[in-house]
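There are 2 protein chains.
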Amino acid sequence: MTSPVRVALLGCGTVGSDVVRLLHEQSADLAARIGAPLEIAGIAVRRVGRDRGDLPVDPALFTTDPLGLIKRDDVDIVVEVVGGIEPARGWLVEALRAGKSVVTANKALLAEDGATLHDAAAEGGADLYYEASVAGAIPLLRPLRESLHGDRINRVTGIVNGTTNFILSAMDATGAGFAEALEEATELGYAEADPTADVEGFDAAAKAAILASLAFHTRVTAADVHREGITEVTAADVASAKAMGCTIKLLCIAARNTDPAGRESVSVRVHPAMIPLTHPLASVGDAFNAVFVEAEAAGQLMFYGRGAGGAPTASAVLGDVVAVARNRLAGVHAASESAYADLAVRPMGEALTRYHISLDVADRPGVLEAVAGVFARHEVSIATVRQGPAGGGPAGRGEDAELVIVTHVAPDAALAATVRALRGLEIVRSVTSVLRVEGGA
Amino acid sequence: MTSPVRVALLGCGTVGSDVVRLLHEQSADLAARIGAPLEIAGIAVRRVGRDRGDLPVDPALFTTDPLGLIKRDDVDIVVEVVGGIEPARGWLVEALRAGKSVVTANKALLAEDGATLHDAAAEGGADLYYEASVAGAIPLLRPLRESLHGDRINRVTGIVNGTTNFILSAMDATGAGFAEALEEATELGYAEADPTADVEGFDAAAKAAILASLAFHTRVTAADVHREGITEVTAADVASAKAMGCTIKLLCIAARNTDPAGRESVSVRVHPAMIPLTHPLASVGDAFNAVFVEAEAAGQLMFYGRGAGGAPTASAVLGDVVAVARNRLAGVHAASESAYADLAVRPMGEALTRYHISLDVADRPGVLEAVAGVFARHEVSIATVRQGPAGGGPAGRGEDAELVIVTHVAPDAALAATVRALRGLEIVRSVTSVLRVEGGA
Numbered sequence: 001m002t003s004p005v006r007v008a009l010l011g012c013g014t015v016g017s018d019v020v021r022l023l024h025e026q027s028a029d030l031a032a033r034i035g036a037p038l039e040i041a042g043i044a045v046r047r048v049g050r051d052r053g054d055l056p057v058d059p060a061l062f063t064t065d066p067l068g069l070i071k072r073d074d075v076d077i078v079v080e081v082v083g084g085i086e087p088a089r090g091w092l093v094e095a096l097r098a099g100k101s102v103v104t105a106n107k108a109l110l111a112e113d114g115a116t117l118h119d120a121a122a123e124g125g126a127d128l129y130y131e132a133s134v135a136g137a138i139p140l141l142r143p144l145r146e147s148l149h150g151d152r153i154n155r156v157t158g159i160v161n162g163t164t165n166f167i168l169s170a171m172d173a174t175g176a177g178f179a180e181a182l183e184e185a186t187e188l189g190y191a192e193a194d195p196t197a198d199v200e201g202f203d204a205a206a207k208a209a210i211l212a213s214l215a216f217h218t219r220v221t222a223a224d225v226h227r228e229g230i231t232e233v234t235a236a237d238v239a240s241a242k243a244m245g246c247t248i249k250l251l252c253i254a255a256r257n258t259d260p261a262g263r264e265s266v267s268v269r270v271h272p273a274m275i276p277l278t279h280p281l282a283s284v285g286d287a288f289n290a291v292f293v294e295a296e297a298a299g300q301l302m303f304y305g306r307g308a309g310g311a312p313t314a315s316a317v318l319g320d321v322v323a324v325a326r327n328r329l330a331g332v333h334a335a336s337e338s339a340y341a342d343l344a345v346r347p348m349g350e351a352l353t354r355y356h357i358s359l360d361v362a363d364r365p366g367v368l369e370a371v372a373g374v375f376a377r378h379e380v381s382i383a384t385v386r387q388g389p390a391g392g393g394p395a396g397r398g399e400d401a402e403l404v405i406v407t408h409v410a411p412d413a414a415l416a417a418t419v420r421a422l423r424g425l426e427i428v429r430s431v432t433s434v435l436r437v438e439g440g441a
Numbered sequence: 442m443t444s445p446v447r448v449a450l451l452g453c454g455t456v457g458s459d460v461v462r463l464l465h466e467q468s469a470d471l472a473a474r475i476g477a478p479l480e481i482a483g484i485a486v487r488r489v490g491r492d493r494g495d496l497p498v499d500p501a502l503f504t505t506d507p508l509g510l511i512k513r514d515d516v517d518i519v520v521e522v523v524g525g526i527e528p529a530r531g532w533l534v535e536a537l538r539a540g541k542s543v544v545t546a547n548k549a550l551l552a553e554d555g556a557t558l559h560d561a562a563a564e565g566g567a568d569l570y571y572e573a574s575v576a577g578a579i580p581l582l583r584p585l586r587e588s589l590h591g592d593r594i595n596r597v598t599g600i601v602n603g604t605t606n607f608i609l610s611a612m613d614a615t616g617a618g619f620a621e622a623l624e625e626a627t628e629l630g631y632a633e634a635d636p637t638a639d640v641e642g643f644d645a646a647a648k649a650a651i652l653a654s655l656a657f658h659t660r661v662t663a664a665d666v667h668r669e670g671i672t673e674v675t676a677a678d679v680a681s682a683k684a685m686g687c688t689i690k691l692l693c694i695a696a697r698n699t700d701p702a703g704r705e706s707v708s709v710r711v712h713p714a715m716i717p718l719t720h721p722l723a724s725v726g727d728a729f730n731a732v733f734v735e736a737e738a739a740g741q742l743m744f745y746g747r748g749a750g751g752a753p754t755a756s757a758v759l760g761d762v763v764a765v766a767r768n769r770l771a772g773v774h775a776a777s778e779s780a781y782a783d784l785a786v787r788p789m790g791e792a793l794t795r796y797h798i799s800l801d802v803a804d805r806p807g808v809l810e811a812v813a814g815v816f817a818r819h820e821v822s823i824a825t826v827r828q829g830p831a832g833g834g835p836a837g838r839g840e841d842a843e844l845v846i847v848t849h850v851a852p853d854a855a856l857a858a859t860v861r862a863l864r865g866l867e868i869v870r871s872v873t874s875v876l877r878v879e880g881g882a
């Protein structure tokens, strides 16, 4: 039999433990698929002595010296499931430069400074795989960077954060407010004690940067991504969406834009938005993830599955490990980073979006004209207007009315300026809900 | 610049023309992604002189000699979009043995005799890619054979035939019968003049064989697949499904079974079945395809998109072309067929299924006991029984009643024998509907 391929594992938390378990349970299958057995050369952890239950691994493999482990001659592949920027970056650069292939789930690092890792991989002639960094178990990055590379991707729209999807699904199902739904998510273990990274959209923004880079062959970092979380989504917003036949999701959107002169650019953003119930993403509930891809020739595609959790993430990690192990045995490495298109990343103000705006207005002649005038002055075209009694209740309060306006697409800055101008109108009592609308016809 | 990678195209119908168009429109992007330009070396067709509209290709490239084209020294990759067993098999074997990589959409050939192609690829050291053969544009085969190879797939359930999905969706939406819905599909171009391959399940069975082979690392051919089409699905069946909160889909199902002694086998089948409206496959409408995968660690995954059509299929073909072109430039080839598991394929009678059975019975004491006795004698356990007036109408006919029975899982042979025995009971006036049930809790 061929000599074993040896793996250094950095980190042994939820995902790391499941990697160890799967390696153990599937060892015969993995060896058959690779053409050589996979062995764990060592596991770098913070505390060697910690009780790890019945983890099927020799305790002598644990070490507190990750760099020493990486540098060992008998290590072929480095698997990193620690997360965070440093010290992970230093470890992975060290491994890649030394020609050791890396499999990582570290979305924050890839989104913050993927270029450094890709450069180190090119320098060392090593593979850098990171399927687990976005949408957990869903085979997504490899289809984007391989299966669809004969096509032209125009737009990627994803639900890539399970915590916020759980919260929004709960708000939609029960009419609860954000705080109440967050509490439920925390109790059930879907939200961390400090939920900031999830509910403020940082996690989704990192994934958006990774997806956009692959879809558009362009380096996109987390700093390029416009980010809004879900903390300001209200029960009233959810009710507004329902009245429109929609639901609210935290979406990451990466879109290719072509200006009138034919110049291409991309916009990448994360924010809550209304989508029609008929859209395939609308039925993605609970903590599931899904990514909707629109390509020139392929048309609409969707990938759906579990976005987080130890076993699903470990599945994606091991899929990558098998691939790099095979490459190693064949003496080749995978295509490196593809950033040849190098498209400009446009700021949010230039992204084309649609708004759904609810207003409480004075119920008297001339109001609709005044409101419509504000849209016209900002060159925002109105798609639909619905007028009803204020508060959505039965008619008869007499003084106030509710206006619900949905726009056509316009630059986001023009839409935002329209909302600011509406707030300044004397006849507008209040702007009760502003939501972007996606996935429309 | 690196010298071009040259492609021989066999066939220039709907898919072939779109391959030519995409190669032309995306040539700069494809060259950047591959690292060398892609060129068409020749196109084998039946009639050279045919009017091909504005196809962006030199007419001198057309030839009626496919074998001559394949054998030319300046051909690196052979793309086959002709279909059928012969002469395609002879051409592809010739190409592969000569070390020329093959990209094909030919599901019938792969399902009938994939082994011959895989063996020729191994012999010639060439790549054999066939993403377009199943579920058109959806990146599915590569995720199955690469992304999930660190995991263990237990079950694949797919809607892989757009024509039948269109027909069943129409029956569900309008209450139409099969003949009427087929007529609509034909008028709209979703069904061919001779719809046999689609409505009798042959197309889906070929795809089921390909999916099962990849999912279970086992050679499965079309002959191993139990096949039932949708021609016998009635409007009454569709109504029965609705009453159960279900819809009817033509499913291809490939499942891993483990017997009490721990021996593993697979069952592969295509038949119409009821699935709950809450199942992700239930909302896959019109001519869309989707494949639902259940893996040990990854959990539930779904892949959704267009299963047919020129451009979607051409997208999948070109994705493969880019991959094999890159392999060629790198001087490597992809992992060959993985059939190491070599599991036994069990006959349909041993597959575990659930039945939904509607009976018109005499409305008198002892009937339920007699019916229940038939199930018990066949060791089939009943999950639910609903009794109502015959025909589903208002009560009061007095003499007849309707019994709707849903079973737990049992060997299909036992369920089929139960239905035969029910038909023989004097008190059973008729068995009005028999449908398998899938995707249940």
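Here the protein sequences line up with chains U and G, keeping their order.
Numbering-wise (the numbering used here), the first sequence opens with residue 1 and increments by one.
Numbering-wise (the numbering used here), the second sequence opens with residue 442 and increments by one.
Don't be surprised by glycine CBs; every beta carbon is placed ideally from N, CA and C.
Residue range of the alpha helix (DSSP H) that residue i falls in?
| i | result |
| --- | --- |
| residue 256/U | Per DSSP, residue 256/U belongs to no alpha helix (DSSP H); it is in the beta strand (DSSP E), 246-258. |
| residue 770/G | 751-771 |
| residue 172/U | 162-174 |
Excluding five sequence neighbours on each side, which residues of the same chain lie with their C-beta closer than 6 Å to the C-beta of residue i?
| i | result |
| --- | --- |
| residue 297/U | 151 |
| residue 460/G | 755 and 758 |
| residue 99/U | 124, 125 and 126 |
| residue 303/U | 138, 140 and 291 |
| residue 441/U | Since pLDDT at residue 441/U reaches only 48, below the 50 mark, its modelled position is unreliable, and the value read off the structure follows with that caveat. Cβ within range, chain order: n/a, list empty. |
| residue 30/U | 38 |
Rounded to the nearest angstrom, what separates residue i and residue j at their Cα positions?
| i | j | result |
| --- | --- | --- |
| residue 400/U | residue 240/U | 18 Å |
| residue 80/U | residue 72/U | 16 Å |
| residue 643/G | residue 854/G | 22 Å |
| residue 395/U | residue 712/G | Any reading at residue 395/U needs caution, since the residue's pLDDT is 49, under 50, leaving its predicted position unreliable; the model's value is listed next. Taking the straight line joining both Cα atoms gives about 54 Å. |
| residue 32/U | residue 146/U | 24 Å |
| residue 636/G | residue 728/G | 14 Å |
| residue 274/U | residue 282/U | 9 Å |
| residue 377/U | residue 13/U | 56 Å |
| residue 443/U | residue 117/U | The structure shown does not extend to residue 443/U, since chain U is modelled only from 1 through 441, so no value can be given for it. |
Under 7 Å between beta-carbons, which chain G residues line up against residue i? List them in chain order, please.
| i | result |
| --- | --- |
| residue 166/U | Those within 7 Å of residue 166/U in chain G number zero; the least Cβ separation is about 16 Å. |
| residue 346/U | Chain G residues near residue 346/U: none, gap ~20 Å exceeds 7 Å. |
| residue 442/U | Residue 442/U is absent from the model: chain U starts at 1 and stops at 441. |
| residue 280/U | 745 |
Since residue i meets chain G, which of its residues come closer than 8 Å, beta carbon to beta carbon?
| i | result |
| --- | --- |
| residue 351/U | Those do not exist, as residue 351/U stays about 23 Å from chain G at its closest Cβ, beyond 8 Å. |
| residue 326/U | 776 |
Can you list, in chain order, the residues of its chain whose CB lies under 8 Å from that of residue i, leaving out five sequence neighbours each side?
| i | result |
| --- | --- |
| residue 207/U | 107, 111, 133, 134, 135, 158, 160, 161 and 252 |
| residue 863/G | 798, 800, 812, 815, 869 and 872 |
| residue 768/G | 542, 568, 774 and 775 |
| residue 874/G | 675, 677, 678, 681, 797, 798 and 799 |
| residue 479/U | Absent from the model: residue 479/U. The displayed extent of chain U is 1 to 441, so no value can be given. |
| residue 659/G | 653, 707, 780, 782, 783, 784 and 786 |
Quick one: residues in its chain with C-beta nearer than 7 Å to the C-beta of residue i, no 5 flanking neighbours on either side, listed in chain order?
| i | result |
| --- | --- |
| residue 625/G | 611 |
| residue 508/G | 532 and 535 |
| residue 824/G | 847, 848 and 849 |
| residue 215/U | 144, 153, 156 and 254 |
| residue 856/G | 794, 796, 821 and 848 |
| residue 699/G | 705 |
Give the interface partners of residue i over in chain U, defined as CB-CB distance under 7 Å, in chain order.
| i | result |
| --- | --- |
| residue 590/G | 33, 319 and 322 |
Residues of chain G with CB closer than 9 Å to the CB of residue i, please, in chain order.
| i | result |
| --- | --- |
| residue 130/U | The contacting residues do not exist; residue 130/U stays about 12 Å from chain G at best. |
Kindly list, in the order they appear in chain U, the residues whose Cβ is closer than 8 Å to that of residue i.
| i | result |
| --- | --- |
| residue 484/G | Here the premise fails: no neighbours, minimum Cβ distance about 18 Å. |
| residue 828/G | Chain U residues near residue 828/G: none, gap ~33 Å exceeds 8 Å. |
What first and last residue would you give for the beta strand (DSSP E) that runs through residue i?
| i | result |
| --- | --- |
| residue 594/G | 594-600 |
**Request:** Determine, using beta-carbon pairs with one atom in the segment 312-321 of chain U and one in the segment 20-29 of chain U, whether at least three such pairs fall under 8 Å.
**Result:** yes
**Message:** Taking 8 Å as the cut-off, does the segment 476-492 of chain G touch the segment 501-512 of chain G (at least 3 CB pairs, one atom from each stretch)?
**Reply:** yes
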